[in-house]
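Working notes, beginning with the structure itself.
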Amino acid sequence: MFSNAEIGIDLGTANILVYTKAKGIILNEPSVVAINSQNNQVVAVGKEAKEMVGKTPRHIVPIRPLKDGVIADYDITAQMLKEILKKVSKKAGVSMRKPTVVVCTPSGSTSVERRAIHNAVKSYGAKEVHLIEEPIAAAIGSDLPVDEPISSVIVDIGGGTSEVAIISFGGVVSCKSARIGGDKLDEEIIQYIRRHFNILIGESTAEKIKMEIGYALIDHPEETMEVRGRDLVTGLPRVITVTSTQIQDAIRESLLSILETIHATLESCPPELSGDIVDHGITIAGGGALIKGMQEWLANKIHVPVHLAPNPLESVAIGTGKSLKMIQKLQKATK
C-alpha cells in the first residue's frame, strides 16, 4: 500500500481507464452508471451497469453521464468517479488517500466543462488535480516525441469525439475536433438497420456489428453476420443477415467527416512542420483506429504514412499517467 498515489484517468465517453505508474492500466470499465430512480442511489458502475442496458426494471436506469467526451450530468459523473476510485483502491491495493490525479479533457471542452471535471475529481479528496488535453495524452501514450521540435500528428478516434492535433514542443500547434466517434457509428448502424430492414436493434448489438464486420471505405471480400432484433411491424423477435458492405454504407458519412477533420487540421499546419508530417506521417489511436482497413484507407486519402498506436484503446490513459512528470513543462507550453 502506498499513499499519495499518482494516477492518470482517461475519462472517456465509452470507457474510463485508470493508470498508475507502478502497475500500468489497473482499471478499464465502460462509462455507465445504473441508478435507482426511486432513491437516486447508484446500483452499479462500469461492466455491471453496461450489462444492464436494455434489460432492467423501469426504476433501474443505466445512464452514460459523459456525452461527446464531456460531462453531461455532473452529479452522476462525480458519483461514478468515486465508485471507480473505490474499485481501484480495492483492486490494486493503492491507497487513495490524497492521490495526485491527472485527467484528460477533450481539446474542445469549455472552461465550465473543465471545471466540472476538476471539481468531480477534487470532491473525492484528491490532493492535486491536473488536466491535460486529450490529444497530448494520446500522443504521449503512443510514444510520440511530443516535447521535441518535430511535428507529431495524432488522430484520436474515441467514443464521443474524434480529435486531430499537430503537437510540437509539448504544445498543440493546430487542433480540430469533431463530435463523431464510436457512439455515432453505432447510432448510424441502428438507424440503417431500422430504415432498411424495419428491425430495431440495441446499442450493444450495433457495437458488435461494427467490431465484427465494420470496414473503412476500402474494397474488401464481403462478410456477413446474423443479427437479432425486434420487428417494428409485428413486434416479434426476428433474425436478419447483414453484410459488411451495408455497414460500410451506414457509417460512410461519419468516416468522411473524420477524414475532413484530418484534412482541415493538416491544412492549418505551419509550413515548417509540414515536412515532418511527410516524413513521419500520422498516428491513429482510440477504438475507432481498430475499424478494419482504417489505416489503409487514411493512407490512400492523405498520402502520408499512417501508423497505428501500440495500444490504441489505452493510449490516452497511458499518456495521462506518463504525463505526470511532464505536467509542468506541458502547462508552460499550453499557457
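The numbers in the numbering used here rise by one with no breaks, and the one at position 90 of the sequence shown is 92.
Cβ atoms here follow ideal geometry from the backbone N, Cα and C, with glycine treated the same way.
- Of the other Cβ atoms in all chains shown, fewer than 16 fall within 10 Å of the Cβ of glutamate 228; this residue is therefore exposed.
- Under DSSP, valine 63 forms a beta bridge with Ile37.
- Scanning its chain for C-beta atoms nearer than 7 angstroms, with the 5 sequence neighbours on each side dropped, one finds around lysine 186 the residues Ser256, in chain order.
- For methionine 328, there is no enclosing alpha helix (DSSP H), as DSSP marks it with neither H nor E.
- Contact between leucine 275 and serine 144 is absent: CB atoms are separated by about 18 angstroms, not below the 8 angstroms threshold.
- Taken through DSSP and simplified to helix, strand or coil, asparagine 313 comes out as coil.
- Taking a 10 Å sphere around the C-beta of alanine 24, we find fewer than 16 other C-beta atoms and assign the residue as exposed.
- The residue among Leu68, Ala301, Ala128 and Val44 with its C-alpha nearest the C-alpha of proline 108 is Leu68.
- In the three-state reduction of the DSSP assignment, serine 170 falls in the strand class.
- Only residues of its own chain outside the window of five on either side were considered, and among them Tyr126 have a CB closer than 6 angstroms to the CB of lysine 84, listed in chain order.
- At a Cβ-Cβ threshold of 8 angstroms, serine 206 and glutamate 225 do not count as neighbours.
- Here serine 113 is exposed: its Cβ has fewer than 16 other Cβ atoms, across all protein chains shown, within 10 Å.
- If you draw a straight line from the Cα of valine 131 to the Cα of arginine 116, it is about 11 angstroms long.
- For aspartate 251, the uninterrupted alpha helix (DSSP H) segment begins and ends at 246-269.
- C-alpha of proline 32 to C-alpha of leucine 202: approximately 23 angstroms in a straight line.
- For histidine 222, there is no enclosing beta strand (DSSP E), since its DSSP letter is neither H nor E.
- Annotation: the continuous alpha helix (DSSP H) that includes asparagine 302 extends over 296-304.
- Looking from the CA of valine 72, the closest CA among Leu219, Glu136, Glu53 and Lys49 belongs to Glu136.
- Taking isoleucine 260 as the centre and dropping the five residues before and after it, the same chain places the C-beta of Ile159, Ser164, Ala180 and Ile182 closer than 7 angstroms to its C-beta, in chain order.
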